[in-house]
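S.K.: Going by this note's numbering, the first residue of the sequence shown is number 19, and it counts up by one from there.
We treat Cβ as the ideally placed atom computed from N, Cα and C, and that holds for glycine.
If you're wondering where the values come from, they're calculated on a predicted model, not measured in any experiment.
Quick one: structure below, then a few questions.
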Amino acid sequence: MPSDLERLAFLGVDPASLDPAPSHRVRADWLARIDSHSPDRRRCCSCKALAVATRVVDLAALGQRWHDQCRDCMIAGIRLNWAAGRPMEGRYRVTLWTGDRPILEGWWDELGLRPGKWCTGST
């Protein structure tokens, strides 16, 4: 798994430009950074779009810093972890609906969908 510094470099973020993070964080600290109604909402450190996620990176030379991300940059950073291939390869997307509402959604591998798994008798 890539280090925080490698992930920041991949996304084109200068670590020194990140805001310092408090050592003892509470919900209000991070929520104000990404809440759509907050006057203090931050922008993505990479592309400057509105941030939808934030995390704290621990950088040896700089200490703990906030890393604010938009959806696309967050996904791009996650893809660095896909060394074994994309998570969806060889898998099926399954959605369980009740009426017109999805109530469960996920990805299952082929063996997880073998006949008889969800019902008794043959299918």
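Could you check what DSSP says for residue 95 in three-state terms: helix, strand or coil?
M.R.: Within the sequence shown, numbered from 1, the residue matching residue 95 stands at position 77. Residue 95 falls in the helix class under three-state DSSP.
S.K.: Between the alpha carbons of residue 68 and residue 84, how many angstroms are there, rounded?
M.R.: By one-based count along the sequence shown, residue 68 stands at place 50. By one-based count along the sequence shown, residue 84 stands at place 66. Taking the straight line from one Cα to the other gives about 15 Å.
S.K.: Quickly, what does DSSP pair residue 26 with across the bridge? List them, please.
M.R.: What you label residue 26 is simply residue 8 of the sequence shown in a count that begins at 1. Paired residue(s): none; residue 26 is not in a bridge.
S.K.: By the three-class DSSP mapping on this structure, what secondary structure does residue 38 have?
M.R.: In the sequence shown, the residue the question calls residue 38 occupies position 20. In the three-state reduction of the DSSP assignment, residue 38 falls in the strand class, which pools E and B.
S.K.: Who pairs with residue 119 in a beta bridge, going by DSSP?
M.R.: The residue you call residue 119 lines up with position 101 of the sequence shown. Answer by DSSP bridge pairing, in chain order: 116.
S.K.: Buried or exposed for residue 117, going by 16 or more other Cβ atoms inside 10 Å?
M.R.: The sequence position of residue 117 within the sequence shown is 99, counting from 1. Label assigned to residue 117: exposed.
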